[in-house]
Every structure is written in C-alpha cells, then in structure tokens.
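Residue numbers (our numbering): 21 to 260.
Each residue gets a CB set at the ideal place from its N, CA and C atoms; glycine is no exception.
One structure below.
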Ligand code: ADE
C-alpha cells in the first residue's frame with residue numbers, strides 16, 4: 021500500500037512513523053508512506069497557502085491552488101489515483117469498519133488541514149471524502165492523519181508479529197475486549213480471576229466472552245445495542 025500525506029508540518033510525522041509497527045511495516049515494504057509539504061506548491065512569492073474567508077468572519081481558509089497542485093503532483097507518481105481523504109471534524113466518523121475498508125485500498129492520499137478549514141472547492145474538485153476521528157476539534161489534521169495511518173497499517177498483511185494478532189482486537193466483532201492479566205497472580209491484594217488459572221480453555225473462552233459483553237454494556241451501550249440487534253436478526257427464522 022502507498023499512503024501519501026499532504027501537510028504543512030511533515031516533521032510532525034517523523035517520530036510516530038519511526039517506531040514499532042509503523043517503522044517495521046515501512047522497512048519490510050508493506051507500506052510506503054510519502055510526506056509532501058503543501059507549502060512547496062504555493063506559487064506566490066510569499067508561499068501563501070491560506071487566505072481570509074469570502075463573506076468575512078474569523079480565521080483563515082486553506083487555498084485551492086497549492087492543494088490541487090500538490091495532489092496532482094503526488095498522483096502522477098503512481099499508477100493508482102488513490103482514495104483522497106481530508107481530515108476534518110466535519111467528516112464522517114472513523115470506525116474500525118471504515119479502517120478495515122481503507123486497509124483494502126492500494127493507495128490513500130490523506131490531506132491534513134490547518135486554520136479555519138478548507139476552501140469547499142478542494143473537496144468538490146478533488147472528489148475527496150471527509151473523515152473525522154471524533155467529536156472534538158484538534159489544531160490541525162496531522163494527529164488525525166497519524167491515527168488513520170496507525171489503525172490502517174496494523175491491519176496490512178505481515179504488519180503485526182505473530183504475537184499481536186488483530187483478530188481479537190476490540191471492535192473486531194463489535195464488542196470491546198475482555199480484561200487481560202499477567203504475572204504475578206496477586207498484586208497489592210488484587211488476584212487474577214481463578215478461572216484464568218484453571219487451564220480449562222472452554223470455560224476461559226466463555227468467561228472472556230461474558231466479560232466482553234459486560235464491558236460493552238457498561239462502557240458502550242450504543243455498541244451493545246447494535247450487537248444485540250445483530251444477534252436478534254440472526255436468530256429470527258428467515259421469512260420465505
Ligand atoms: N482536524 C481537526 N479536528 C479534527 C478531528 N476531530 N478529526 C479529524 N481531523 C480534524
């Protein structure tokens with residue numbers, strides 16, 4: 021997979037991309053992550069990438085020109101035009117389901133904005149999707165782009181070692197993960213649940229499933245309701 025990131029602050033990505041799973045995935049050729057600085061595509065003498073909004077109001081708006089030039093430049097570097105994604109709180113919320121879908125694409129082009137927002141014609145003219153990582157406002161799209169990269173790359177074939185499988189992740193079956201324990205058996209008076217020490221794999225699997233259900237019900241009633249609705253639908257006899 022190739023991931024292009026268009027940003028005014030490519031340096032912000034250096035540390036997250038040079039550790040652990042993301043670093044290994046790049047070294048192994050599983051993903052090629054290419055950073056481009058939008059400012060290098062600003063034509064004017066002052067390298068301007070933003071301007072005041074038509075109609076007045078606070079803040080600055082990212083201009084079309086440098087963004088279109090930057091996208092077209094990176095698109096010309098590969099056979100695939102790529103799926104263009106703008107990170108913005110106005111976007112559709114990122115979910116694990118969406119992450120799985122993105123991980124199947126051969127190329128993503130992530131656009132991280134700054135300032136008050138993007139000129140609307142960037143979305144329109146580039147036919148870009150808008151994506152949000154949550155209902156809160158960040159100072160720019162860079163951290164959101166890093167979240168997308170991390171969540172997507174760990175799903176690519178070979179990105180995780182055998183020891184860390186994505187199959188048991190929270191959300192992979194619509195439920196939160198069960199609680200984990202490791203040595204020692206007792207820490208400051210808190211004991212590991214006996215069942216986990218029993219060696220009975222059937223009972224352990226059942227306990228873990230129950231814990232997943234309980235946690236989801238307590239922490240994420242929205243996910244729990246969706247899970248139950250799916251279970252009910254599966255149990256309904258099919259109508260002829
Ligand atoms: N840029 C600023 N806030 C954001 C958010 N919540 N998600 C994605 N991009 C953003």
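{"Query": "Hey, would you say the C-beta of residue 158 is under 7 Å away from at least one heavy atom of ligand 1?", "Result": "yes"}
{"Query": "Starting from the N-terminal side, write out each stretch of the beta strand (DSSP E) that is 3 residues or longer and does not extend beyond the segment 105 to 161.", "Result": "127 to 132 and 149 to 152"}
{"Query": "Go ahead and pull the three-state DSSP assignment for residue 211.", "Result": "strand"}
{"Query": "If we count the other Cβ atoms within 10 Å of its Cβ and call it buried at 16 or more, is residue 101 buried or exposed?", "Result": "exposed"}
{"Query": "Rounding to the nearest angstrom, what Cα-Cα distance links residue 31 and residue 70 in this structure?", "Result": "20 Å"}
{"Query": "Hey, quick one: how far does the alpha helix (DSSP H) through residue 37 stretch, first residue to last?", "Result": "34 to 37"}
{"Query": "CB of residue 154 to nearest heavy atom of ligand 1: below 7 Å?", "Result": "yes"}
{"Query": "Strictly by DSSP, which residues pair up with residue 27?", "Result": "57"}
{"Query": "Going along the chain, which residues of its own chain have a beta-carbon closer than 8 Å to the beta-carbon of residue 73, five neighbours each way excluded?", "Result": "79, 80, 81 and 136"}
{"Query": "Identify, in the order they occur along the chain, each residue of the same chain with its Cβ nearer than 8 Å to the Cβ of residue 91, setting aside the five sequence neighbours on each side.", "Result": "26, 104, 129, 131 and 146"}
{"Query": "Just to confirm, does residue 148 get its C-beta within under 7 Å of one of the non-hydrogen atoms of ligand 1?", "Result": "no"}
{"Query": "According to DSSP, what are the bridge partners of residue 82?", "Result": "70 and 138"}
{"Query": "Closest to residue 63 by CA distance: which of 76, 84 and 36 is it?", "Result": "84"}
{"Query": "For residue 250, name the three-state secondary structure that DSSP assigns.", "Result": "helix"}
{"Query": "Taking its Cβ as the centre, do 16 or more other Cβ atoms sit within 10 Å of residue 24, making it buried, or is it exposed?", "Result": "buried"}
{"Query": "Just the Cα atoms here: how many angstroms apart are residue 139 and residue 38?", "Result": "32 Å"}
{"Query": "Measuring only from the beta carbon, is residue 108 closer than 7 Å to any heavy atom that is part of ligand 1?", "Result": "yes"}
{"Query": "Quick check on residue 169: buried or exposed, where buried means 16 or more other Cβ atoms within 10 Å of its Cβ?", "Result": "buried"}
{"Query": "Along the chain, where does the alpha helix (DSSP H) containing residue 40 start, and where does it finish?", "Result": "40 to 47"}
{"Query": "Alpha carbons only, please: which of 248, 193 and 175 is nearest the one belonging to residue 186?", "Result": "175"}
{"Query": "Drop a sphere of 10 angstroms on the beta-carbon of residue 206, count the other beta-carbons inside from all chains shown, and report buried for 16 or more, exposed for fewer.", "Result": "exposed"}
{"Query": "Indicate whether the contact test is met: 3 or more Cβ pairs, each with one atom in the segment 108 to 123 and one in the segment 41 to 52, closer than 8 Å.", "Result": "no"}
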